[in-house]
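Trainee: There's a structure below that I have some questions on.
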Amino acid sequence: MGKRILVVDDAAFMRMMIKNIVTKSGYEVVGEAENGKQAVEKYAELKPDIVTMDITMPDMDGIEAVKAIKAIDPQASIVMVSAMGQQAMVMDAIQAGARDFIVKPFQQERLLQAIERVLARSRR
631 MGKRILVVDD AAFMRMMIKN IVTKSGYEVV GEAENGKQAV EKYAELKPDI VTMDITMPDM
691 DGIEAVKAIK AIDPQASIVM VSAMGQQAMV MDAIQAGARD FIVKPFQQER LLQAIERVLA
751 RSRR
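Each residue of the sequence shown is one higher than the last, beginning at 631 in this note's numbering.
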């Protein structure tokens with residue numbers, strides 16, 4: 631069975647793009663969220679294998695959402711996907727518990743590599 635993914639981004643087109651990339655590669659998208667608050671609720675409900683998380687979103691940003699998800703499940707696998715390439719944001723995301731970071735716009739291969747790498751690490 632394919633690994634289950636929760637896609638979190640406030641832009642519908644970005645969620646659709648990520649969804650298309652991962653489903654073509656055999657993953658199952660079990661849910662979507664357009665802000666951090668929804669992401670935390672969906673994570674608790676769906677228990678996905680991995681989450682792709684935007685940083686800049688309304689209601690609750692991605693870094694706060696990562697912290698909240700990690701409080702629910704310290705083993706959560708989260709890949710940050712953001713246009714914010716600033717070093718401080720990357721460091722905040724990693725310190726909050728994200729396992730990898732991708733800067734938009736990204737290549738399809740880069741997204742899949744990050745997901746594979748994070749999932750491989752979580753299997754150990």
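Glycine included, each C-beta is placed from N, C-alpha and C at the ideal position.
All figures in this text were calculated on a predicted structure; none of them were measured in a lab.
If we count the other Cβ atoms within 10 Å of its Cβ and call it buried at 16 or more, is ALA762 buried or exposed?
Mentor: Because the chain is modelled from 631 through 754, residue 762 falls outside the range shown and cannot be assessed.
Trainee: For a minimum of 4 consecutive residues, which ranges assigned as the alpha helix (DSSP H) are wholly contained in the stretch 667 to 706?
Mentor: Counting whole runs of 4 or more residues, the stretch 667 to 706 contains the alpha helix (DSSP H) stretches 692 to 702.
Trainee: If you compare alpha carbons, which of THR686, ARG729, GLY666 is closest to SER752?
Mentor: Taking the sequence shown and counting its residues from 1, one reaches residue 752 at position 122. Answer by Cα proximity: ARG729.
Trainee: Have a look at ARG634, VAL720, GLY666 and flag the residue whose alpha-carbon is nearest the alpha-carbon of PRO688.
Mentor: Numbered from its first residue, the sequence shown carries residue 688 at position 58. Measuring from the Cα of PRO688, the nearest candidate turns out to be GLY666.
Trainee: Can we say the stretch 667 to 678 touches the stretch 641 to 653, given the rule of at least three CB pairs closer than 8 Å?
Mentor: No: fewer than three Cβ pairs fall under 8 Å.
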